[in-house]
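All residue numbers in the sequence shown are consecutive under the working numbering, ending with 447.
Don't be surprised by glycine CBs; every beta carbon is placed ideally from N, CA and C.
Because the structure is a prediction, the values reported are computed rather than measured.
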Amino acid sequence: LIRMGELAVPALASESAGENAIQCILALREIGTPSAAEAIVPHLGDTKDDVALAAAWSLGNLLQSKSIEEAFGFFGKIPIVLDHETLDWVWEPFEESKSSFLRQMCGRIAFILNNARSIPDYLQAYELDPRFSIPLCIDNLSDKAYGDILLLRYSELRSIYHRKIELRPLGELTERELKEKREIETQAKQKVNEALERLSREEDTSKYLKSMGKGLQLDFITRILSGRKPTQSDWSNVLRKEVYTFGRSWHYYVILVIAGVLSIISIGYMGLNIYHSQTLLSYWNVFLCFLIFTILYTWSIFLSSSLLLDFDNPGDFLVLFIGGVVVVPVAIFEFHDAEDFGLLPFMTWAPAIGYFTTTFLLIFVSWLVAALIWVIIIGGCISLAVIGSRKDKRSRNPLKGILDVAERTP
Numbered sequence: 038l039i040r041m042g043e044l045a046v047p048a049l050a051s052e053s054a055g056e057n058a059i060q061c062i063l064a065l066r067e068i069g070t071p072s073a074a075e076a077i078v079p080h081l082g083d084t085k086d087d088v089a090l091a092a093a094w095s096l097g098n099l100l101q102s103k104s105i106e107e108a109f110g111f112f113g114k115i116p117i118v119l120d121h122e123t124l125d126w127v128w129e130p131f132e133e134s135k136s137s138f139l140r141q142m143c144g145r146i147a148f149i150l151n152n153a154r155s156i157p158d159y160l161q162a163y164e165l166d167p168r169f170s171i172p173l174c175i176d177n178l179s180d181k182a183y184g185d186i187l188l189l190r191y192s193e194l195r196s197i198y199h200r201k202i203e204l205r206p207l208g209e210l211t212e213r214e215l216k217e218k219r220e221i222e223t224q225a226k227q228k229v230n231e232a233l234e235r236l237s238r239e240e241d242t243s244k245y246l247k248s249m250g251k252g253l254q255l256d257f258i259t260r261i262l263s264g265r266k267p268t269q270s271d272w273s274n275v276l277r278k279e280v281y282t283f284g285r286s287w288h289y290y291v292i293l294v295i296a297g298v299l300s301i302i303s304i305g306y307m308g309l310n311i312y313h314s315q316t317l318l319s320y321w322n323v324f325l326c327f328l329i330f331t332i333l334y335t336w337s338i339f340l341s342s343s344l345l346l347d348f349d350n351p352g353d354f355l356v357l358f359i360g361g362v363v364v365v366p367v368a369i370f371e372f373h374d375a376e377d378f379g380l381l382p383f384m385t386w387a388p389a390i391g392y393f394t395t396t397f398l399l400i401f402v403s404w405l406v407a408a409l410i411w412v413i414i415i416g417g418c419i420s421l422a423v424i425g426s427r428k429d430k431r432s433r434n435p436l437k438g439i440l441d442v443a444e445r446t447p
């Protein structure tokens with residue numbers, strides 16, 4: 038019947054209602070035409086788990102074909118699918134409407150696959166569409182399995198690779214650097230393969246990992262090792278083109294401006310205190326000069342070392358500015374070595390700005406108003422930092438571009 042192709046579809050569809058349902062479903066999968074795929078769909082609601090699994094896996098394989106996916110857009114809604122449980126989030130990136138037949142059908146496929154206790158060998162011979170295998174791997178990746186493979190620390194290799202090699206043209210690398218490049222790449226591949234082997238021993242994850250092509254497997258593992266653990270939210274946003282870096286956003290720039298204005302106010306007020314003091318060379322004036330130097334020195338270090346403008350990781354500046362008043366005193370008490378005290382200028386920066394800005398405000402307003410102003414400033418900066426960090430995290434989706442690795446058939 039398989040050799041008859043499209044002509045055999047009606048007979049196989051009719052026969053699949055009997056005892057040979059699985060064999061008929063697999064035969065329809067082998068024919069692989071849109072009408073053959075349509076004939077498999079009713080079995081997604083079969084009461085026999087093995088039949089429903091065969092239908093789900095077969096359709097999960099056939100949907101790699103663009104022509105079959107497009108054809109389902111022209112098919113009518115089949116109630117037997119719509120009346121059963123689905124895993125709706127799996128197809129969320131590809132279909133905006135929850136009422137679309139394709140999304141509900143794919144949600145049903147995902148639900149059946151996700152609840153399968155084991156996958157028979159006769160099904161594992163067929164690769165699943167990555168739009169099923171990737172999210173199901175994510176959903177079944179336990180914290181233990183993730184923790185185990187993180188011990189391999191591929192991220193350290195990757196950071197070395199980027200820092201020492203990737204930023205320079207290949208022709209400019211010395212013989213030693215080329216050798217180091219090859220060693221790093223070899224170690225990286227070894228660690229990826231080790232991680233792949235470890236995940237393959239995790240039953241819940243391996244059954245979906247094995248359904249991927251080799252290239253996609255390695256890419257998926259590399260992403261896990263070099264970034265954070267992917268989530269359902271990452272999958273939902275896998276196609277989002279949003280490019281956002283907190284360190285280059287207006288959220289961060291506003292915080293910088295606020296910090297700069299407060300620094301200027303503090304320095305100006307300390308300068309006025311020195312100017313109007315009766316004794317120019319007093320201990321208090323020397324202390325004020327030290328604080329002015331501290332603020333200017335801190336800004337100069339940030340600017341000269343690009344820490345302030347470290348667009349990929351602005352956390353150092355934010356910790357000192359927003360959390361400085363609390364974090365800094367705690368850090369000072371934790372100093373043990375003499376070299377730790379070299380950080381003292383950075384430690385006194387935020388408290389100095391906080392104290393002298395407050396003193397300046399009290400010239401014009403009451404304590405209550407001054408406190409309210411600080412609540413607004415600190416609350417506003419924290420809100421901007423939180424909003425920016427969340428957007429940055431969403432933009433740094435570890436799954437971004439993963440579907441480009443998997444080629445789809447026409």
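{"Asked": "Pull up the distance between the alpha-carbon of Ile439 and that of Phe257, whole angstroms please.", "Found": "7 angstroms"}
{"Asked": "So, helix, strand or coil for Ser102, using DSSP?", "Found": "strand"}
{"Asked": "Whose CA, out of Leu49, Ile68, Asp158 and Thr70, lies closest to the CA of Cys61?", "Found": "Leu49"}
{"Asked": "I'd like to know whether the C-beta atoms of Gln161 and Ser248 end up nearer to each other than 8 angstroms.", "Found": "yes"}
{"Asked": "Using the three-state DSSP reduction, which class does Ile156 fall into: helix, strand or coil?", "Found": "coil"}
{"Asked": "Starting from the C-beta of Ser426, find all residues in its chain whose C-beta is less than 7 angstroms away, skip the five residues before and the five after it, and write them out in chain order.", "Found": "Phe283"}
{"Asked": "Are at least three pairs of beta-carbons, each pair with one atom in the stretch 75-89 and one in the stretch 137-155, less than 8 angstroms apart?", "Found": "yes"}
{"Asked": "With 16 as the cutoff for other CB atoms within 10 Å, does Tyr312 come out buried or exposed?", "Found": "exposed"}
{"Asked": "Buried or exposed: where does Trp272 fall if 16 or more other Cβ atoms within 10 Å of its Cβ makes it buried?", "Found": "buried"}
{"Asked": "For Gly417 and Tyr289, what's the separation of their Cα atoms in angstroms?", "Found": "12 angstroms"}
{"Asked": "Would you tell me roughly how many angstroms separate the C-alpha atoms of Ala74 and Glu52, rounded to the nearest one?", "Found": "15 angstroms"}
{"Asked": "Among the residues of its own chain, which have a CB less than 6 angstroms from the CB of Thr394, if the five just before and after it don't count?", "Found": "Leu299, Ile302 and Ser303"}
{"Asked": "Over what stretch of residues does the alpha helix (DSSP H) that includes His288 continue unbroken?", "Found": "Trp287 to Tyr312"}
{"Asked": "With a cut-off of 8 angstroms, do at least 3 Cβ pairs link the stretch 330-339 to the stretch 385-399?", "Found": "yes"}
{"Asked": "Within 10 angstroms of its Cβ, does Glu129 collect 16 or more other Cβ (buried), or is it exposed?", "Found": "buried"}
{"Asked": "From which residue to which residue does the alpha helix (DSSP H) around Lys428 run?", "Found": "Trp404 to Ser432"}
{"Asked": "Measuring straight from C-alpha to C-alpha, what distance separates Asp241 and Pro47?", "Found": "36 angstroms"}
{"Asked": "Please report the Cβ distance between Leu81 and Gly110, rounded to the nearest whole angstrom; I am assuming they are in contact, meaning their Cβ atoms lie under 8 angstroms.", "Found": "Not confirmed; about 17 angstroms, so no contact."}
{"Asked": "Just how far apart, CA to CA, sit Phe131 and Phe327?", "Found": "60 angstroms"}
{"Asked": "To the nearest angstrom, how far is it from the Cα of Lys437 to the Cα of Gly252?", "Found": "16 angstroms"}
{"Asked": "On a Cα-Cα basis, can you pick out the residue from His121, Glu67 and Asp83 that is closest to Leu99?", "Found": "Glu67"}
{"Asked": "Once DSSP output is grouped into helix, strand and coil, what is the label at Pro71?", "Found": "helix"}
{"Asked": "What does a CB cutoff of less than 7 angstroms around Ile414 pick up in its chain, not counting 5 residues either side in sequence?", "Found": "Ile295"}
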